[in-house]
Ligand SMILES: *Cc1c(COP(=O)(O)O)cnc(C)c1O
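Residue numbers (this note's numbering): 2 to 394.
This is the structure we're talking about:
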């Protein structure tokens with residue numbers, strides 16, 4: 002038996018890829034804030050031109066600080082290689098764009114992340130690429146939506162509002178049998194709670210803005226997959242769009258990684274306490290949370306995910322827009338903001354994105370309020386929720 006710690010999360014977060022002797026044995030890695038790298042010989046420069054993924058030439062390609070991050074993130078996902086972008090949206094764009102051509106067809110889960118959907122609806126059609134949205138919770142829907150020109154399955158599991166999930170092994174097996182590439186947005190779980198490569202997914206994306214960064218102070222996006230796939234994306238979209246992460250932001254993500262597992266642990270624990278409070282609250286109609294027994298895909302969640310994170314969707318008993326609004330406006334410590342995965346608890350009501358006259362209380366998702374549980378004490382969060390509940394009848 003191999004007793005080396007090489008696959009352990011602590012090794013990845015603390016040691017992997019840190020060649021400290023190269024930088025004065027500094028414990029924290031340096032920010033190599035350089036745009037270009039010098040060569041002594043024409044021969045060496047020629048080699049770098051020939052394969053920009055082999056050497057430091059120009060920071061739109063490789064950069065030493067970014068490389069430390071790439072190695073850690075690839076290892077966390079159990080992938081051969083990784084590319085890091087300056088946002089999750091950039092990672093989605095590059096990863097999908099590199100793998101479709103005019104005439105291709107994509108099958109995607111319905112309601113994927115906003116900017117993925119915008120790409121499918123607005124940008125890709127200009128290049129002759131069409132998308133069919135399906136309810137991805139049922140494997141037969143993937144099969145039924147597949148056409149002869151389908152080249153990519155786009156997954157997001159769980160979704161970040163209603164936590165709809167896909168059976169990843171089943172979808173990957175189906176895709177492999179039809180020679181279709183699988184791409185997943187794994188932002189909710191991070192590779193710590195869901196190892197999608199193990200389940201046969203080809204390209205794993207996650208936003209680093211959320212849990213990897215963890216401090217609401219930088220954006221980032223990750224793609225993991227085979228060396229060949231990462232090289233393909235590097236040589237096209239990564240270099241051409243120039244959306245790779247900058248060294249300082251990469252350094253912030255490296256710092257975030259140090260505490261990733263401990264933050265997830267804490268958030269998971271607190272979230273269970275907050276769920277227990279919300280579930281039986283007289284002003285709450287229901288909550289949606291993947292690790293709650295009421296969740297329609299609870300069994301799949303338990304089988305496929307090692308943990309559940311800090312997102313909970315709340316549906317209040319009231320159907321009045323005015324009262325949903327008053328509840329959210331009454332919170333004093335939980336901030337109202339987009340995003341999640343940081344240290345701070347957040348709330349965002351779906352109705353904020355819906356025109357007042359278009360709000361329809363019979364449409365359940367119009368009433369969704371998404372709570373993100375941060376690193377505060379459970380009591381602190383619960384007390385704030387309680388006083389906001391008391392503001393509505
Ligand atoms: C935030 C988010 C993204 C996009 O990431 P950015 O870093 O904001 O571009 C993609 N997918 C999900 C599920 C997200 O929550």
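All residues carry an ideal CB built from backbone N, CA and C; glycine is no exception.
The model shown is predicted, which means the values in this text are computed figures rather than measured ones.
Nearest-angstrom Cα separation, counted from residue j out to residue i
i: residue 387; j: residue 298; result: 29 angstroms
i: residue 283; j: residue 382; result: 18 angstroms
i: residue 246; j: residue 188; result: 17 angstroms
i: residue 240; j: residue 132; result: 26 angstroms
i: residue 130; j: residue 329; result: 40 angstroms
i: residue 119; j: residue 113; result: 9 angstroms
i: residue 174; j: residue 147; result: 14 angstroms
i: residue 244; j: residue 157; result: 22 angstroms
i: residue 95; j: residue 233; result: 10 angstroms
i: residue 13; j: residue 391; result: 46 angstroms
i: residue 161; j: residue 206; result: 14 angstroms
i: residue 97; j: residue 355; result: 28 angstroms
i: residue 361; j: residue 280; result: 24 angstroms
i: residue 50; j: residue 61; result: 13 angstroms
i: residue 332; j: residue 389; result: 5 angstroms
i: residue 128; j: residue 153; result: 15 angstroms
i: residue 28; j: residue 210; result: 24 angstroms
i: residue 260; j: residue 359; result: 42 angstroms
i: residue 142; j: residue 106; result: 15 angstroms
Local Cβ density within 10 Å of residue i, reported as buried at 16 or more and exposed below that
i: residue 380; result: exposed
i: residue 337; result: exposed
i: residue 357; result: exposed
i: residue 395; result: Nothing about residue 395 can be reported from this structure: the residues present for the chain run from 2 to 394 only.
i: residue 270; result: exposed
i: residue 65; result: buried
i: residue 126; result: exposed
i: residue 219; result: buried
i: residue 115; result: exposed
i: residue 90; result: buried
i: residue 250; result: buried
i: residue 238; result: buried
i: residue 88; result: buried
i: residue 277; result: exposed
i: residue 229; result: exposed
i: residue 368; result: buried
i: residue 263; result: exposed
i: residue 398; result: Look at the range of the chain in this structure, 2 to 394, and you will see that residue 398 is not part of it.
i: residue 11; result: exposed
Simplified DSSP assignment, three categories, for residue i
i: residue 328; result: helix
i: residue 236; result: helix
i: residue 138; result: coil
i: residue 23; result: helix
i: residue 15; result: helix
i: residue 257; result: helix
i: residue 50; result: helix
i: residue 74; result: helix
i: residue 85; result: strand
i: residue 245; result: strand
i: residue 262; result: helix
i: residue 355; result: coil
i: residue 314; result: strand
i: residue 157; result: strand
i: residue 189; result: coil
Extent of the continuous beta strand (DSSP E) run through residue i
i: residue 204; result: 204-208
i: residue 335; result: No beta strand (DSSP E) contains residue 335, which DSSP labels as neither H nor E.
i: residue 286; result: 285-289
i: residue 110; result: 106-110
i: residue 186; result: 182-186
i: residue 222; result: 222-226
i: residue 299; result: First-last for residue 299: 299-305, but that is the alpha helix (DSSP H), not the beta strand (DSSP E).
i: residue 175; result: Here residue 175 belongs to no beta strand (DSSP E); instead the alpha helix (DSSP H) covers 169-178.
i: residue 1; result: For the chain, the structure presents residues 2 to 394; residue 1 sits outside this window and is missing.
i: residue 349; result: 347-350
i: residue 319; result: Run containing residue 319: none; DSSP gives neither H nor E here.
i: residue 370; result: 370-373
Residues of its chain near residue i, where Cβ-Cβ distance is below 8 angstroms and the 5 sequence neighbours each way are ignored
i: residue 179; result: 147 and 151
i: residue 268; result: 310, 311, 374, 375 and 376
i: residue 93; result: 114, 116, 117, 120, 186, 206 and 222
i: residue 265; result: 191, 193, 194, 212, 308 and 310
i: residue 366; result: 162, 163 and 351
Boundaries (first-last residue) of the alpha helix (DSSP H) holding residue i
i: residue 383; result: 379-390
i: residue 119; result: 115-119
Contacts around residue i, its chain only, beta-carbon distance under 7 angstroms, and the 5 residues preceding and following it disregarded
i: residue 144; result: 175
i: residue 319; result: 325 and 393
i: residue 216; result: 257, 343 and 344
i: residue 83; result: 71, 74, 75, 223, 224, 225 and 231
Close Cβ partners of residue i (< 6 angstroms) along its chain, the five nearest in sequence each way excluded
i: residue 335; result: 346, 348 and 385
i: residue 137; result: 110 and 167
i: residue 306; result: 190, 194 and 195
i: residue 124; result: none
i: residue 248; result: 32, 33, 34, 64 and 66
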